[in-house]
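*Asks:* Going by our numbering, the sequence shown opens with residue 35, and the numbers climb by one from there. Pasting a structure here, questions to come.
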Amino acid sequence: MDQDTPRQTGHAANRGRTSSFSSRSDESVKKVSIGGATSLAATRRISIASHHSSHMQTSLKKIRMNEEAASSDARRRNVKYENTYRLEPKVKFPVIKVRKIIKDVLSTLNGHTYDPKESSFVSKLLSKRILDEVRLLNIERYKLVCLMSIGSKSRQGLRIASRCLWNTENDTFVSETLDTQSFYAIATVYATYYE
35 MDQDTPRQTG HAANRGRTSS FSSRSDESVK KVSIGGATSL AATRRISIAS
85 HHSSHMQTSL KKIRMNEEAA SSDARRRNVK YENTYRLEPK VKFPVIKVRK
135 IIKDVLSTLN GHTYDPKESS FVSKLLSKRI LDEVRLLNIE RYKLVCLMSI
185 GSKSRQGLRI ASRCLWNTEN DTFVSETLDT QSFYAIATVY ATYYE
């Protein structure tokens with residue numbers, strides 16, 4: 035086969051593109067004709083070295099972008115703040131407002147009937163709702179945890195207890211209970227001051 039005549043190989047045959055190599059001795063050049071056109075206007079020359087280097091550059095750009103995205107995610111997670119040396123909060127945790135929020139959220143369960151599968155989803159949903167509403171109070175430097183428990187009542191006794199290691203002056207909790215004929219619901223919000 036003559037080197038100046040185009041030949042179809044591999045994937046190029048499927049796409050209707052042809053390729054051939056010219057016989058230039060000073061530089062290896064790949065000749066690509068698009069859509070089977072053989073005119074000089076439709077043919078372009080691409081140096082194999084430049085084609086390979088541009089392919090490598092795009093691969094390196096993708097790798098760099100992935101590394102930069104991973105490092106920016108790591109930076110966002112590991113944000114470090116300068117110490118303020120403030121050991122006490124400017125404003126104490128608003129226990130009364132938080133108790134009202136918990137009561138309002140628990141009051142939505144008045145028409146609820148206990149179902150074990152549904153109640154686990156409802157407890158997660160209400161716990162998130164309580165946390166979202168408490169966070170809207172914009173309480174500075176407090177980390178919040180909300181525990182919600184919904185269970186059936188069928189002549190059994192129940193005791194829920196918690197123990198925490200914390201600073202009794204700044205850290206606190208708020209707990210509320212809803213008690214109906216068929217189920218109980220207990221919501222507790224723990225607030226720990228972050229120095």
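We put the CB at the ideal spot given by N, CA and C, even for glycine.
1. With DSSP collapsed to three states, give me the class of I130.
2. Do you know how far the Cα of D213 is from the Cα of R133?
3. Flag this pair as yes or no: are the beta carbons of K177 and T226 separated by less than 8 Å?
4. Could you check how far apart the C-beta atoms of S186 and F155 are, in whole angstroms? I think they sit under 8 Å.
5. What are the boundary residues of the alpha helix (DSSP H) that includes V168?
6. Comparing C-alpha positions only, which one of K137, P123, E203 and K124 sits nearest to E167?
7. For V179, count neighbouring Cβ atoms within 10 angstroms of its own Cβ and tell me buried if that reaches 16, exposed if not.
8. Given this structure, state the Cα-to-Cα distance separating Y295 from L170, to the nearest angstrom.
9. What residue range is occupied by the uninterrupted beta strand (DSSP E) comprising G185?
10. Is DSSP giving V63 helix, strand or coil here?
11. Does the beta-carbon of S194 have 16 or more other beta-carbons within 10 angstroms, so that it is buried, or is it exposed?
12. Give me the residue from V129, R163, L199 and A221 with the minimum Cα distance to S209.
*Replies:* With the structure as the only source:
1. In the three-state DSSP reduction, I130 falls in the helix class (H, G or I).
2. 16 Å
3. yes
4. Contact doesn't hold; Cβ gap of about 15 Å is too wide.
5. P150 to R169
6. K137
7. exposed
8. For the chain, the structure presents residues 35 to 229; residue 295 sits outside this window and is missing.
9. Per DSSP, G185 belongs to the beta strand (DSSP E) from Y176 to S186.
10. Reliability of the predicted coordinates at V63 is poor, the pLDDT of 47 falling under 50, and the value obtained from them is presented with this limitation in mind. Reduced to three states, the DSSP call for V63 is strand.
11. Correcting the residue identity first, residue 194 is Ile in this sequence and not Ser. Burial call: exposed.
12. With distances taken between Cα atoms, S209 lies closest to A221.
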